[in-house]
Amino acid sequence: MSDPISHQLQANLRRVDELIAAACEKSGRTASDVQLVAVTKYTSLEVVERLVELGHVHLGENRPQQLIERSELLSDSVQWHLIGQLQRNKVRAVLPHVTLIHSVDLLRLLLHIDQVAEELNLKPRVLLQVNVSGEASKSGMSPDELRASWDELVACQNVSIQGLMTMAPLTDDVEVVRRTFAGLRELRDELRERKNGESLNHLSMGMSSDYEIALQEGATLIRLGSTIFSGCE
Ligand SMILES: *Cc1c(COP(=O)(O)O)cnc(C)c1O
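The opening position of the sequence shown corresponds to residue 7 in this note's numbering, with each subsequent residue numbered one higher.
Okay, here's the thing in structure tokens:
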């Protein structure tokens with residue numbers, strides 16, 4: 007592993023690991039409860055291969071087509087996370103390749119996934135994407151929509167709803183970011199209390215610019231692209 011790309015990746019990952027450890031310690035959590043997902047959407051296949059060789063197999067793509075193509079080219083050990091918008095007509099093709107879909111942003115999408123999963127005899131794991139901050143540009147269900155459709159969502163027999171996902175607003179205001187992540191955690195806690203509640207163990211929140219705050223607020227999955235791959239292209 008002495009090529010320059012692997013070397014750079016190791017240095018970047020070391021910094022991320024240190025920051026995860028520090029943020030977890032600060033908030034009384036264990037680093038092993040956090041899964042790092044390396045977001046590879048802007049990264050060449052060659053660089054992604056180096057990362058996989060280093061043992062990092064949780065990879066995230068935001069486009070279903072690229073996820074499918076890369077899953078056919080890379081090792082079977084890779085665990086693929088779909089983190090971007092999923093059109094209903096892509097569900098059938100992508101479902102066999104994913105370990106977790108983070109971005110289920112509509113009730114009717116979940117119902118469709120459930121139906122396709124039954125036909126394919128699969129039990130996909132999903133997260134529901136929530137627009138906590140209420141920005142018009144963000145996809146995701148509003149907290150109120152989620153509360154209102156909860157009974158219908160959890161009635162799906164083939165999908166397993168494992169938690170929630172959100173994205174914070176792009177802002178330098180740390181408190182706005184923190185409130186968004188805390189809001190997702192509180193919503194998760196509230197839904198857990200409801201009858202028919204699923205365990206909802208996962209909170210997917212935090213990107214390169216804000217994952218430290220997300221970890222302090224309870225993130226179990228962080229999605230990092232630029233931090234991991236900086237200097238590698
Ligand atoms: C691109 C992307 C990320 C990673 O962003 P970075 O800022 O490069 O860490 C995380 N989550 C989603 C949904 C993304 O589309």
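Idealized CB from N, CA, C, for every residue including glycine.
Spatially closest choice to residue i from the options, by CA coordinates
{"i": "Ser12", "options": "Ala28, His87, Glu59 and His103", "result": "Glu59"}
{"i": "Ser148", "options": "Leu193, Phe235, Ile219 and Val53", "result": "Leu193"}
{"i": "Val165", "options": "Leu117, Glu181 and Lys47", "result": "Leu117"}
{"i": "Val63", "options": "Val45, Arg69, Pro70 and Ser50", "result": "Val45"}
{"i": "Arg114", "options": "Cys162, Gly212, Leu79 and Arg35", "result": "Cys162"}
{"i": "Ala188", "options": "Glu78, Met173, Asp39 and Asp178", "result": "Met173"}
{"i": "Glu218", "options": "Val40, Pro10 and Gln16", "result": "Val40"}
{"i": "Gln93", "options": "Glu181, Pro70 and Glu78", "result": "Pro70"}
{"i": "Leu106", "options": "Val132, Glu124 and Ser81", "result": "Val132"}
{"i": "Arg35", "options": "Glu181, Thr177 and Thr226", "result": "Thr226"}
{"i": "Thr186", "options": "Leu25, Val54, Arg21 and Asp216", "result": "Asp216"}
Heavy atom of ligand 1 within 7 Å of residue i beta-carbon
{"i": "Lys96", "result": "no"}
{"i": "Arg229", "result": "yes"}
{"i": "Gly169", "result": "no"}
{"i": "Gly146", "result": "no"}
{"i": "Ser139", "result": "no"}
{"i": "Arg105", "result": "The sequence shown places Thr at residue 105, not Arg. Checking the Cβ of Thr105 against ligand 1 gives no."}
{"i": "Ile26", "result": "no"}
{"i": "Ile89", "result": "yes"}
{"i": "Asn18", "result": "no"}
{"i": "Met173", "result": "yes"}
{"i": "Thr233", "result": "yes"}
{"i": "Val45", "result": "yes"}
{"i": "Met211", "result": "no"}
{"i": "Ser215", "result": "yes"}
{"i": "Asn257", "result": "The requested residue 257 is not part of the displayed model; the chain covers only 7 to 239."}
Boundaries (first-last residue) of the beta strand (DSSP E) holding residue i
{"i": "Thr105", "result": "Val104 to Val110"}
{"i": "Leu197", "result": "First-last for Leu197: Val180 to Glu199, but that is the alpha helix (DSSP H), not the beta strand (DSSP E)."}
{"i": "Ser210", "result": "His208 to Ser210"}
{"i": "Ala44", "result": "Gln41 to Val45"}
Burial state of residue i, where buried means 16 or more other Cβ atoms lie within 10 Å
{"i": "Arg76", "result": "buried"}
{"i": "Arg56", "result": "buried"}
{"i": "Ser8", "result": "exposed"}
{"i": "Leu209", "result": "buried"}
{"i": "Glu223", "result": "buried"}
{"i": "Val183", "result": "buried"}
{"i": "Ala142", "result": "exposed"}
{"i": "Gly61", "result": "exposed"}
{"i": "Val180", "result": "exposed"}
Sequence-distant residues of the same chain with beta carbon closer than 8 Å to residue i, five excluded per side
{"i": "Val104", "result": "Leu73, Trp86, His87, Leu88 and Pro130"}
{"i": "Gly140", "result": "Ser148"}
{"i": "Gln91", "result": "Asn68, Ser109, Asp111 and Ser145"}
Span of the alpha helix (DSSP H), counted from its first residue to its last, around residue i
{"i": "His87", "result": "No alpha helix (DSSP H) holds His87; the beta strand (DSSP E) holding it covers Gln85 to Leu88."}
{"i": "Ala123", "result": "Leu113 to Leu126"}
{"i": "Leu65", "result": "Premise fails: Leu65 lies in the beta strand (DSSP E), His64 to Glu67, not in any alpha helix (DSSP H)."}
{"i": "Gln222", "result": "Tyr217 to Gln222"}
{"i": "Ser166", "result": "No alpha helix (DSSP H) holds Ser166; the beta strand (DSSP E) holding it covers Ser166 to Met171."}
{"i": "Gln14", "result": "Pro10 to Lys32"}
{"i": "Leu159", "result": "Pro149 to Val160"}
{"i": "Gln71", "result": "Pro70 to Leu79"}
Chain-order list of residues whose beta-carbon lies under 6 Å from that of residue i (same chain, five-residue window excluded)
{"i": "Arg198", "result": "Leu206"}
{"i": "Gly146", "result": "Asp111, Gln135, Val136 and Asn137"}
{"i": "Ser33", "result": "Gln222"}
{"i": "Thr49", "result": "Phe235"}
Nonlocal neighbours in the same chain, by C-beta distance under 7 Å from residue i, ignoring five residues either side
{"i": "Val122", "result": "Val97, Arg98 and Leu101"}
{"i": "Ser236", "result": "Asn18"}
{"i": "Leu190", "result": "Val136, Val138, Leu170, Thr172, Leu209 and Met211"}
{"i": "Glu204", "result": "Val160 and Ile167"}
{"i": "Ala29", "result": "Glu218, Leu221 and Gln222"}
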